[in-house]
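Heads up: the sequence shown is residues 95 to 352, going by this note's numbering.
What follows is a single structure, written as structure tokens, with notes after it.
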Amino acid sequence: MKIVVTGKGGAGKTTISGALARLLARGGHRVVALDCDPSPGLGISLGLGPEATEAAPAVLNSLVALGHTHNDPDPDPEDLLTRFGVDGPDGVRLLVGGKVEQLAGACVCCGSHSTTRKLFSNLPHEGRVVLADLEAGLNDLIWASPKADDIVIALAEPSAKGFEIARRACELAETMGVGQRIVVANRANGADVETLSELTGLAAVAVPDDPAVAQADREGLAPIDVDPQSPALLAIASLAEQLGLVPALAAAQPERRG
Ligand SMILES: Nc1ncnc2c1ncn2[C@@H]1O[C@H](COP(=O)(O)OP(=O)(O)OP(=O)(O)O)[C@@H](O)[C@H]1O
Ligand SMILES: [Mg+2]
């Protein structure tokens, strides 16, 4: 199963991706969390902490440092996951695509680095969930090129601009033939949910504005490690159930592994 999380800048993509990845892992899935943002921060929302997140190698930067150029054959994505992936809480494996950290050398906007931009579409998903937290806007959605069996989650914070980008994300996903398109109104009230549902023609899922989430981010923690029963976490847990990936009640329970 593959899931992409897309939407306008600041809509809550990383926060919700991190929580969803942890919940799916607690529900028994092997989860690969792909950080597709060149300013990566998914590790923090997964609960690795700021230092380990900063230390996580970025695929593109690592390949460039090893002398790889776009003239070389595309590396095997499974091999990239083994070499550059980092294990996080609940067994979620984090893979960071690329990181902007110098003036030249590893610009992930460049099509020549499509290796990393295509990680989502190239990584085999058998026996696991691949969940991609995309860069803001819709460009990465096209690069990720989700297919019929994949899930696209379009997030919007309550603003006309955010709603419009979510609407276009759903439209693009439909054009790509994606079967399951979910629209989420984050930090939204009932009227926002109605507006987004009307605009997209899909029943929007609501995730409430939650001080526990904001507090977790302030402290560099994963919301699930601060309060797994907070209103936003419960809404994300019911989203996981709605996706058919986690049985009711399994979500939000702490890991129990021998
Ligand atoms: N439901 C929520 N309740 C309270 N705060 C939230 C909620 N969702 C997200 N936030 C806060 O909103 C901010 C933006 O969230 P996040 O970084 O997840 O957005 P993003 O879409 O990934 O942003 P970017 O486009 O920069 O990648 C963060 O400070 C986060 O803590
Ligand atoms: Mg983000």
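Glycine included, every Cβ here is placed at the ideal spot set by N, Cα and C.
Small disclaimer: the values here were computed from a predicted structure and weren't measured.
Check your understanding: Would DSSP call V153 helix, strand or coil?
Key -> Reduced to three states, the DSSP call for V153 is helix.
**Study point:** DSSP bridge partner residues for T63 (one or two, in chain order)
**Key:** It is not possible to answer for residue 63, since the shown part of the chain is limited to 95 through 352.
Practice item. Hey, could you find the ends of the alpha helix (DSSP H) V287 is sitting in? Key: Counting along the chain, V287 sits inside the alpha helix (DSSP H) bounded by residues G284 to T294.
Exercise for review: Could you spell out the range, first to last residue, of the beta strand (DSSP E) harbouring R187?
Suggested key: For R187, the enclosing beta strand (DSSP E) covers residues R187 to V190.
Practice item. Taking only the alpha-carbon atoms, compute the straight-line gap between H164 and L175 and give it to the nearest angstrom. Key: Cα to Cα, H164 sits roughly 19 Å from L175.
Exercise for review: Could you check what DSSP says for D170 in three-state terms: helix, strand or coil?
Suggested key: Looking at D170 - three-state DSSP - the assignment turns out to be coil, as it is neither helix nor strand.
Check your understanding: Who are the near neighbours of A260 in its chain, counting only those whose CB is closer than 7 Å to its CB and skipping five residues on each side?
Key -> Same-chain partners within the cutoff: G101, A248, L249, A250, V277, L290 and T294.
Review point. In angstroms, rounded to a whole number, what distance separates the CA positions of S206 and D166?
Key: Bear in mind that the predicted position of S206 carries a pLDDT of just 46, short of 50, making it unreliable; the figure below should be weighed with that in mind. Rounded to the nearest whole angstrom, the C-alpha separation of S206 and D166 is 11 Å.
Practice item. In the DSSP assignment, find the unbroken alpha helix (DSSP H) run with V307 in it and report its ends. Key: Per DSSP, the unbroken alpha helix (DSSP H) holding V307 starts and ends at P305 to R312.
Check your understanding: Using DSSP with H/G/I as helix, E/B as strand and the rest coil, what is V272?
Key -> Reduced to three states, the DSSP call for V272 is coil.
Check your understanding: Any chance the CB of G221 is under 7 Å from a heavy atom of ligand 2?
Key -> The answer is no for G221.
Review point. What did DSSP end up calling V301 once you bin it into helix, strand or coil?
Key: In this structure, V301 counts as strand in the three-state DSSP scheme.
Practice item. Provide the residue span of the beta strand (DSSP E) that contains V224, from first to last. Key: Per DSSP, V224 is one residue of the beta strand (DSSP E) stretching across V223 to D227.
Check your understanding: Just to confirm, are K96 and F214 a CB contact at a threshold of 8 Å?
Key -> Going by C-beta atoms, K96 is nearer than 8 Å to F214.
Review point. Where does N368 fall in DSSP's three states?
Key: In the structure as shown, the chain starts at 95 and stops at 352, and residue 368 therefore has no counterpart that could be examined.
Practice item. Whole angstroms is fine: what's the gap from R116's alpha carbon to L140's? Key: In this structure, the straight-line span from the alpha carbon of R116 to that of L140 is close to 7 Å.
**Study point:** Closest Cα partner of Q336 within the set V190, V299, A152 and D170
**Key:** It is V299.
Review point. With distances taken between CB atoms, is the gap from G191 to R124 smaller than 8 Å?
Key: Not in contact: G191 and R124 (Cβ atoms no closer than 8 Å).
Review point. Going by beta carbon distance, what residues of the same chain come within less than 6 Å of V224, once the five residues before and after it are set aside?
Key: Exclusion of the five residues before and after V224 leaves K96, V126 and L217 as the residues of its chain whose Cβ lies within less than 6 Å of its Cβ.
Exercise for review: Give the DSSP-derived three-state secondary structure of A127 in the structure shown.
Suggested key: For A127, the three-state secondary structure derived from DSSP is strand.
Check your understanding: Rounded to a whole number of angstroms, what is the C-alpha to C-alpha distance between P363 and R211?
Key -> As shown, the chain starts at 95 and ends at 352. That puts residue 363 outside it, with no answer to give.
Check your understanding: Could you give the residue range of the alpha helix (DSSP H) that holds P317?
Key -> That run of the alpha helix (DSSP H) goes P317 to V320.
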